[in-house]
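Sequential numbering from 236 applies to the sequence shown in the numbering used here. Virtual Cβ for every residue (Gly too), placed ideally from N, Cα, C.
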Amino acid sequence: MNSKQDITILKIGGNVINDPTLLKEVLIDFASITTPKILIHGGGKIAGNLSKKLGIEPKMHEGRRITDQETLDIVTMVYAGLLNKRIVSLLQEAKCNAIGLSGADANTIQANKRPVKDIDYGFVGDLNSESINESALTIFLQNGLTPVFCAITHNKKGQLFNTNADTIASSIANQLASTQHVRLIYCFEKKGVLQDIEDEDSYIPKITPEIYQDLKSKNIIFEGMIPKLDNAFNSINKGVKEVILCNPSNIKTLEEKTILCL
């Protein structure tokens, strides 16, 4: 990858992962992308359901998961085991030579424990500009492999962490943007960023930083979307070519979407 190539980074989560039929359709479309590609997946809802079945009530603070040791064990089993291997097997079926990874594998993603301020989030890992091992990613991509990352990272001292999948996606995109043409796609249940949360067709085709600030000031963008968009605009500022938010049916065509730009 000496000259700049087009690379697609796709992040999936939420209801996409929960629906086996929808997940398979998304992965078939992803597999059809002919340029190098990387997939990042979450799985919080499935981990939460398993936690409850085991009698361990998920702990949340302002929508963020608190990861104690029991919870870390569960999310590692679900993210790095069940979901990661399920996704890899479906991609292999779709003739995509996928390799399932956590951040600990090949030391691809190092994290630091989130500092304790008002609340201790436990074993939650935050990323920085040196977290992504670009040389390892390059080796995978050069050899025709498609990395599939779960939301588990490590600190190279034997400690695993639960890390936000959106942040992993944007961090990988940012790291590769200096040497590649990177398109970052966030795939979730909506067609894009909606003007009206009740109207699926009210997606906003294009958002600039100025439009974003205006939408926030008018409380049009709901709270859960703000961290995703903050990450997305950070990626644009770091040189990522395109950041797109769309639903599963638009991954291939990208006809109905929200695109972020400067």
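Practice task
Decide if T493 is buried, meaning its Cβ has at least 16 other Cβ atoms within 10 Å, or exposed.
Solution key: By the 10 Å Cβ count, T493 comes out buried.
Problem - Backbone secondary structure at P382 - three-state DSSP - result: strand
Problem - Supposed close pair G338, T402 - CB separation, criterion 8 Å - result: Not quite, the Cβ-Cβ distance comes to about 11 Å (not below 8 Å), so this is no contact.
Practice task
Verify whether the separation of the beta carbon atoms of I242 and F384 is less than 7 Å.
Solution key: no
Exercise for the section: List the DSSP bridge partners of V478. Expected result: In the DSSP output, where bridge partners are listed per residue, V478 has L419, L495.
Problem - Inter-stretch contact (C-beta, 8 Å, three-pair minimum) for the segment 275-294 and the segment 446-456 - result: no
Handout entry: Closest Cα partner of M460 within the set D436, S484, I471, C422
Key = C422
Problem - Segments assigned beta strand (DSSP E), at least 3 residues, entirely inside the segment 257-334 - result: 272-276, 294-296, 299-301
Handout entry: Where Y438 sits in the DSSP three-state scheme
Key = strand
Problem - Residue from K259, S238, K239, I244 whose Cα sits closest to the Cα of S484 - result: When only C-alpha atoms are compared, the closest one is K259.
Problem - Under the three-state DSSP convention, the category K392 falls into - result: coil
Exercise for the section: Report buried or exposed for V351, applying the criterion of at least 16 other Cβ atoms within 10 angstroms of its Cβ. Expected result: Around the beta carbon of V351, fewer than 16 other beta carbons lie within 10 angstroms, which makes this residue exposed.
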